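S.K.: Have a look at this one before I ask anything.
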Amino acid sequence: YENDNENSFLENFEVIAQKHEQRRQKIKKDEEIENEKIPPEYRITFGEKPQGITSKEYELLYIETLYTIQHKIGTTISKHSEGENDLYSYAQEAFGLLSNDHQRLLAKASEEKPPILILNIEIVEAKDLEAKDANGFSDPYCMLGIVPEVKKFYLPQQSSAVGASSDEEGSTDSKLGFMKRLKSFRKSTIRRSQGREKNTSSTGSSPQNNCSLRDKLPAKYIQTTDVKKATLNPVWMEKFRFNIESSKTETFHLDIWDHDDEFSVFEAARKLNQVQGFKGLNRYFKQIAQSARTNSNESSNVDDFLGSVNLKITEIPSTGIDKWFSLEGRSENSKVRGQIHIRANLTTREDRGVSEEDNWTDIKQHVELLQIFIDHELNKFKGETTKWSGELSRDAETILHQHA
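Here the sequence shown is numbered in my numbering, starting from 76 and rising by one per residue.
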């Protein structure tokens, strides 16, 4: 009986000892995990450049950073830096380069071909449009494109048949005169298209045969959405891209029209890349004016105008826009109604012989640039690095935003 009690005591003691050891191991493991969460100060180290990057790659990354600063796009938003010199100074400080190295690499960045600026447009929807058809609805569609600086395309003095007075034509910056030029442009494009089709059928000549002899009007000036039948609240959700040659002078222009089944601006716009015989847009507008005067007494079934929107490229912020625009008339006396929802943003495409789909290099550079800026911010931080908020400076945010 005594032996049984002794064995029972030993078994209980072993169980208690095992539980104690398990508890001790658990406490030790919890302490190790807690220590891993907040590493001691001495464990955080920073190098002069990211690990795995060569000196040559480091220089190329700096050139890419300077190139990004040189070719900033869009209007600067409030949380970003606007001054180019401030961005250069920050980049030089973050990369730890001397002044002579900075100037040498800046010269190399300046030798690079500028990127191609692209306007990405999404025509989302419109609402509360004017009813133009007998059924109480319209068949709306959009014409949109990039309009060069107005004063470069002066329209000669015209009669009232064209819809613009000599005073309006003399003031090239007049919005009213500009809108009337666009009106003449659309109407006479239709008339010339009709006349050209008749002449082609009677003479047997082919438009393709004339292509080698005449210039084409660039297709970038006009694109169209689909026609939405019988609605005053059309939804398009259509995307377009336009190359921008001069962000300081060009304007995005959009018209909404009610489609006419008999003959339409829509069809003329679809064929705009076939419009030939004009050496430059200035001469093109001159031909339009002459055509409009010649055909001023002719009746023509054309689409009904529903409103327009103008957006200067310089007014688009670097973060893009997503807003409703109130439709405008062709003159101060025009009465239109409704709004249109447009999304727009600016991007760039570098003409370096690399496919747009091959963006792995850009991603790798962006990660390395972020690492350099974080290291720089931590080195500037006064206090324990574990207490750093993680917020980058305005200059760093601006460069990363432009590079993305």
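Idealized CB from N, CA, C, for every residue including glycine. Being a predicted model, the structure only gives us computed values, none of them experimental.
Can you tell me which of the three DSSP states W435 falls into?
M.R.: helix
S.K.: According to the neighbour-count rule (16 or more other Cβ atoms, all chains shown, within 10 Å of its Cβ), is L173 buried or exposed?
M.R.: exposed
S.K.: Which runs of the beta strand (DSSP E) at least 3 residues long sit entirely within the segment 374–398? Give them in chain order.
M.R.: 379–387
S.K.: Out of curiosity, what's the CA-to-CA distance linking P231 and P223?
M.R.: Note on P231: pLDDT 35, under 50, position unreliable in the model; the coordinate value appears next. In a straight line, the C-alpha of P231 is about 17 Å away from that of P223.
S.K.: Taking the continuous beta strand (DSSP E) assigned at R418, which residues delimit it?
M.R.: From DSSP, the beta strand (DSSP E) with R418 extends over 414–424.
S.K.: Counting along the chain, where does the beta strand (DSSP E) carrying A201 start and finish?
M.R.: Looking at the DSSP string, the run of the beta strand (DSSP E) that includes A201 is 191–202.
S.K.: Which first and last residues belong to the alpha helix (DSSP H) in which D214 is found?
M.R.: Segment: none, D214 is in no alpha helix (DSSP H) and carries neither H nor E.
S.K.: Just to confirm my understanding: we take I396, look at its own chain, exclude 5 residues before and 5 after, and list those with CB closer than 6 Å. What are they?
M.R.: A419
S.K.: Measuring alpha carbon to alpha carbon, tell me which residue in V411, A92, E390, S393 is nearest L381.
M.R.: Residue nearest to L381 within the set V411, A92, E390, S393 is V411 (criterion: CA-CA distance).
S.K.: For E466, does the count of other Cβ atoms within 10 angstroms reach 16, so buried, or fall short, so exposed?
M.R.: exposed
S.K.: Using 10 angstroms around the beta-carbon of E168, count the other beta-carbons present and answer buried if the total reaches 16, otherwise exposed.
M.R.: exposed
S.K.: By how many angstroms is the C-alpha of A471 removed from the C-alpha of T459?
M.R.: Strictly speaking, residue 459 in this sequence is Glu, with Thr absent from that position. Approximately 21 Å between the Cα atoms of the pair.
S.K.: Could you check the C-alpha separation between M312 and T150 for me, to the nearest Å?
M.R.: 25 Å
S.K.: In the DSSP assignment, what are the bridge partners of F315?
M.R.: I196
S.K.: State buried or exposed for K207, treating a residue as buried only when at least 16 other CB atoms are found within 10 Å of its CB.
M.R.: Buried, since its Cβ has 16 or more Cβ neighbours within 10 Å.
S.K.: In terms of residues, what are the limits of the alpha helix (DSSP H) holding I59?
M.R.: The requested residue 59 is not part of the displayed model; the chain covers only 76 to 479.
S.K.: Which of helix, strand or coil does DSSP assign to L467?
M.R.: coil
S.K.: Taking the alpha-carbon positions, what's the L402 to K457 distance?
M.R.: One C-alpha to the other measures close to 53 Å.
S.K.: Below 7 Å CB to CB, which residues in the same chain sit around T140 once its five sequence neighbours on both sides are set aside?
M.R.: A166, L444, I474
S.K.: Compute the Euclidean distance between the alpha carbons of Q477 and T143, then round it to the nearest angstrom.
M.R.: 7 Å
S.K.: Cα separation between N93 and I447?
M.R.: Strictly speaking, residue 93 in this sequence is Gln, with Asn absent from that position. About 51 Å.
S.K.: Grouping DSSP H, G and I as helix and E and B as strand, with all else coil, what is L329?
M.R.: Three-state DSSP puts L329 in a strand.
S.K.: If we ignore side chains and look at the alpha-carbon of each, how far apart do L194 and L329 end up?
M.R.: Spanning the two alpha carbons is a distance of roughly 14 Å.
S.K.: Check each candidate in E197, D301, F400 and name the one with the smallest Cα separation from D203.
M.R.: F400
S.K.: Tell me the rounded alpha-carbon separation between N454 and K183.
M.R.: 28 Å
S.K.: Please state whether DSSP places E403 in a helix, a strand or coil.
M.R.: strand
S.K.: Am I right that I191 and P392 are in contact with their C-beta atoms under 8 Å? What's the rounded C-beta distance?
M.R.: The pair is not a contact, with the Cβ atoms about 20 Å apart (cut-off 8 Å).
S.K.: Residues in the same chain with beta-carbon distance under 6 Å from G404, minus the five sequence neighbours each way, listed in chain order, please.
M.R.: Around G404: V411.
S.K.: State the beta-bridge partners of Q298 as determined by DSSP.
M.R.: According to DSSP, residue pairing for Q298 in a beta bridge involves L219.
S.K.: Based on the DSSP secondary-structure assignment, which residues constitute the bridge partners of T306?
M.R.: S213.
S.K.: Out of curiosity, what's the CA-to-CA distance linking N285 and I297?
M.R.: Because N285 carries a pLDDT of 28, less than 50, the predicted location of this residue cannot be relied on, and the following value inherits that uncertainty. Near 21 Å, if we compare the C-alpha coordinates of I297 and N285.
S.K.: How many angstroms separate the CA atom of S156 from the CA atom of Y137?
M.R.: 19 Å
S.K.: Are the beta-carbon atoms belonging to V310 and D214 less than 8 Å from one another?
M.R.: no
S.K.: Assign F170 to one of three DSSP states: helix, strand, or coil.
M.R.: helix
S.K.: Candidates K154, I221, R316, S468: which alpha carbon is nearest T422's?
M.R.: R316
S.K.: As a quick exercise: from C217, V442, Q97, N408, pick the residue whose alpha carbon is nearest that of G127.
M.R.: Nearest C-alpha to G127: V442.
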